[in-house]
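Residue numbers (my numbering): 532 to 939.
By construction, the Cβ of each residue, glycine as well, lies at the ideal position given by its N, Cα and C atoms.
Please read these numbers as outputs of a predicted model, since none were measured by experiment.
See below for the structure under consideration.
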Ligand code: UTP
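Have a look at this one:
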């Protein structure tokens with residue numbers, strides 16, 4: 532490997548207008564200088580933008596949804612097809628736990644949050660319990676891949692080890708880490724978090740599959756003959772994971788991807804909506820929905836864009852391999868970024884002070900042919916924990932857990 536020199540790094544930063552990152556270089560000791568130069572060498576500054584640019588959208592139209600009645604009518608067929616895949620070892624689960632969970636306001640990984648009241652019940656524990664239901668039903672183990680980030684990897688691994696993986700067979704749990712991206716002020720100037728450290732943030736959940744590849748996870752996928760990956764978010768404590776009905780339905784219908792959806796509670800609910808974009812499956816974020824789309828009706832008088840995604844997708848591995856190197860759109864998100872002020876003192880801002888740059892898993896759906904849009908009962912499968920109180924919070928999730936018979 533070539534030696535990383537100050538001059539080369541200065542040249543790299545001049546090329547992308549980020550020389551402020553070397554402002555304190557002369558004050559650093561040898562180890563810190565080395566750490567900063569290495570981080571500059573490793574960082575891709577091309578993601579940094581000085582503002583939000585909305586990507587042009589194609590022509591949006593409603594997408595056919597497999598609704599609850601259709602699923603009920605074919606339940607036995609679907610469940611048998613799904614169990615067959617699971618028992619043949621063809622299904623893996625991928626937990627996306629690399630996010631910062633800033634809205635919940637805890638520095639610890641979101642999964643270690645205790646939602647119990649009279650007893651301990653952690654978010655990770657709820658998810659593992661849900662997956663174990665299927666392991667028991669199928670009578671065979673399921674590989675669980677867990678994505679963490681630089682900010683929470685050690686804490687996540689240590690917690691799950693300490694809790695003995697809540698009874699899950701450790702040999703079937705595999706950790707991998709996602710990439711980080713630089714975070715900047717509103718003018719696109721990347722912040723320093725320390726005089727020797729660039730401010731970074733996890734680069735969104737869109738890079739999960741390429742991160743799996745980088746961490747050697749695809750060897751496990753290949754060696755074990757895993758053909759389906761059920762990817763899910765850390766924060767929905769009620770979701771069914773490796774759900775045989777969902778897997779069976781996606782397989783039977785010959786789709787390369789499946790997306791669980793719920794009927795929206797109101798046209799304004801803040802969930803991404805499934806649709807077709809230029810004839811291909813796609814997801815429109817809630818803030819991109821126009822008034823016209825919110826009120827649009829189908830021929831039979833139903834709301835045309837009424838199904839929201841819950842971040843529970845099933846991907847067919849052969850198709851994923853084909854899109855692995857595809858470029859996903861970049862999302863620019865306003866955020867509170869710990870940084871140094873003009874005097875070089877550390878600041879923990881109370882309100883957003885710049886941008887982080889993310890790619891999102893929902894944009895992968897548009898790259899794939901044929902999406903099984905699969906309705907689930909929201910009261911039974913949707914209890915996201917984004918905030919401490921109010922909508923999508925610890926409070927609302929506790930109510931829903933109780934309604935579903937989970938002792939708190
Ligand atoms: P969210 O959109 O809720 O983001 O993530 P977040 O960063 O966790 O939370 P806030 O916005 O700061 O409060 C949805 C899912 O995607 C994962 C999260 O862990 C969660 O399961 N995620 C998000 C990642 O794995 N990596 C990321 O970079 C971002």
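Figure out for me which residue from 554, 638, 905 and 626 has the closest Cα to the Cα of residue 794.
Against the chain shown, residue 794 aligns to sequence position 263. Nearest C-alpha to residue 794: 905.
Quick check: is any heavy atom of the ligand UTP less than 8 angstroms from the C-beta of residue 691?
The count along the chain shown starts at 1 and reaches residue 691 at position 160. No, the beta carbon of residue 691 sits no closer than 8 angstroms to any heavy atom of the ligand UTP.
Contiguous alpha helix (DSSP H) assignments of at least 4 residues, all confined to the region 636-688:
Complete alpha helix (DSSP H) runs here, min 4: 654-669.
Answer yes if the region 770-777 comes into contact with the region 918-929, meaning at least three C-beta pairs across the two stretches below 8 angstroms, and no otherwise.
A contact between stretches requires three or more CB pairs, one per stretch, nearer than 8 angstroms, and the region 918-929 fails this requirement with the region 770-777.
Within 8 angstroms: the Cβ of residue 765 and any heavy atom of the ligand UTP?
The residue labelled residue 765 in the question sits at position 234 within the chain shown. Yes, Cβ of residue 765 sits closer than 8 angstroms to a heavy atom of the ligand UTP.
Do residue 804 and residue 818 have their CB atoms nearer than 9 angstroms?
Along the chain shown, read from residue 1 onward, the residue named residue 804 stands at position 273. Along the chain shown, read from residue 1 onward, the residue named residue 818 stands at position 287. No, these two residues do not count as a Cβ contact at 9 angstroms.
Go ahead and label residue 750 buried or exposed: buried means 16 or more other beta carbons lie within 10 angstroms of its beta carbon, across all protein chains shown.
Translated into positions along the chain shown, residue 750 becomes position 219. Residue 750 should be labelled exposed.
Among 643, 927, 757 and 645, which one has its Cα closest to the Cα of residue 618?
Mapped onto the chain shown, residue 618 falls at position 87. Checking every option, the nearest Cα to that of residue 618 belongs to 757.
For residue 913, would you say it is in contact with chain B, using Cβ-to-Cβ distances shorter than 9 angstroms as the test?
Any reference to chain B falls outside this structure, which holds one protein chain only.
For residue 838 and residue 821, what's the separation of their Cα atoms in angstroms?
Stepping through the chain shown from its first residue, residue 838 is reached at position 307. Stepping through the chain shown from its first residue, residue 821 is reached at position 290. Taking C-alpha positions only, residue 838 is separated from residue 821 by approximately 15 angstroms.
Any contact between the region 575-588 and the region 846-866? By contact I mean 3 or more CB pairs, one from each, below 8 angstroms.
A contact exists between the region 575-588 and the region 846-866.
Is residue 585 near the ligand UTP, judged by its Cβ being under 8 angstroms from some heavy atom?
Sequence index remark: in the chain shown, residue 585 carries index 54 (1-based). No.
Residue 629 in three-state terms, based on DSSP
Working through the chain shown from its first residue, we reach residue 629 at position 98. Coil.
Measure the beta-carbon distance from residue 790 to residue 844 and round it to whole angstroms, keeping in mind my assumption that it falls under 8 angstroms.
The residue labelled residue 790 in the question sits at position 259 within the chain shown. The residue labelled residue 844 in the question sits at position 313 within the chain shown. Contact holds; Cβ gap of about 5 angstroms.
For the beta strand (DSSP E) that residue 739 lies in, which residues bound it at each end?
Position 208 of the chain shown holds residue 739. In the DSSP assignment, residue 739 falls outside any beta strand (DSSP E) and within the unbroken alpha helix (DSSP H) covering 739-745.
Classify residue 914 as buried or exposed, calling it buried when 16 or more other Cβ atoms lie within 10 Å of its own Cβ.
Position 383 of the chain shown, counted from the first residue, corresponds to residue 914. Counting of Cβ neighbours within 10 angstroms places residue 914 among the buried residues, the total reaching 16 or more.
Length of the line joining the Cα atoms of residue 605 and residue 761
Here residue 605 is taken as the residue at index 74 of the chain shown, counted from 1. Here residue 761 is taken as the residue at index 230 of the chain shown, counted from 1. Looking at the two C-alpha atoms, the distance is approximately 21 angstroms.
Tell me the rounded alpha-carbon separation between residue 731 and residue 716.
Within the chain shown, the letter at position 200 stands for residue 731. Within the chain shown, the letter at position 185 stands for residue 716. Cα-Cα distance, rounded: 12 angstroms.
Rounded separation between residue 624 and residue 898 - CA only:
Counting from one through the chain shown, the residue named residue 624 turns up at place 93. Counting from one through the chain shown, the residue named residue 898 turns up at place 367. Their Cα atoms are separated by approximately 21 angstroms.
When you measure from the CB of residue 733 to every non-hydrogen atom of the ligand UTP, does any distance come out below 8 angstroms?
Residue numbering aside, residue 733 sits at position 202 when the chain shown is read from its first letter. Yes, since a heavy atom of the ligand UTP falls inside the 8 angstroms radius drawn around the Cβ of residue 733.
With the cut-off set at 9 angstroms, would you say residue 596 and residue 777 are in Cβ contact?
On the chain shown, position 65 is the one that residue 596 refers to. On the chain shown, position 246 is the one that residue 777 refers to. For residue 596 and residue 777, no; Cβs fall outside 9 angstroms.
Judging by CA-CA distance, which residue of 865, 883 and 691 is the nearest neighbour of residue 659?
In the chain shown, counting from the first residue as 1, residue 659 sits at position 128. Cα-wise, what sits closest to residue 659 is 691.
Determine the DSSP secondary structure at residue 715, reduced to helix, strand or coil.
Counted from its first residue, the chain shown places residue 715 at position 184. It is a strand residue.
Go ahead and pull the three-state DSSP assignment for residue 757.
If you number the chain shown from 1, residue 757 lands on position 226. For residue 757, the three-state secondary structure derived from DSSP is coil.
Closer than 8 angstroms to a non-hydrogen atom of the ligand UTP - does that hold for the CB of residue 510?
Any question about residue 510 goes unanswered here, given that the chain covers just 532 to 939.
9 angstroms Cβ cutoff met for residue 589 and residue 809:
Walking along the chain shown from the start, residue 589 turns up at place 58. Walking along the chain shown from the start, residue 809 turns up at place 278. Yes. Within cutoff.
Could you please give me the residues that DSSP links to residue 811 through a beta bridge?
As a position in the chain shown, residue 811 is number 280, starting the count at 1. For residue 811, which the question treats as bridged, DSSP gives the partners 808.
Give the secondary structure of residue 843 by DSSP, where H, G and I count as helix, E and B as strand, and everything else as coil.
What you label residue 843 is simply residue 312 of the chain shown in a count that begins at 1. In the displayed model, residue 843 falls within a strand according to three-state DSSP.
Express the C-alpha separation of residue 584 and residue 573 in angstroms, rounding to a whole number.
Translated into the one-based positions of the chain shown, residue 573 becomes position 42. Translated into the one-based positions of the chain shown, residue 584 becomes position 53. Here the alpha carbons of residue 584 and residue 573 stand approximately 25 angstroms from one another.
Nearest neighbour of residue 633, chosen from 875, 866 and 677 [CA to CA]
Walking along the chain shown from the start, residue 633 turns up at place 102. Nearest option by C-alpha distance: 866.
Which residue from 894, 701, 807 and 568 puts its Cα closest to that of residue 855?
Here residue 855 refers to the residue found at position 324 of the chain shown. The shortest Cα separation from residue 855 among 894, 701, 807 and 568 belongs to 894.
Could you please give me the residues that DSSP links to residue 566 through a beta bridge?
Your numbering for residue 566 matches position 35 in the chain shown. Per DSSP, none; premise fails for residue 566.
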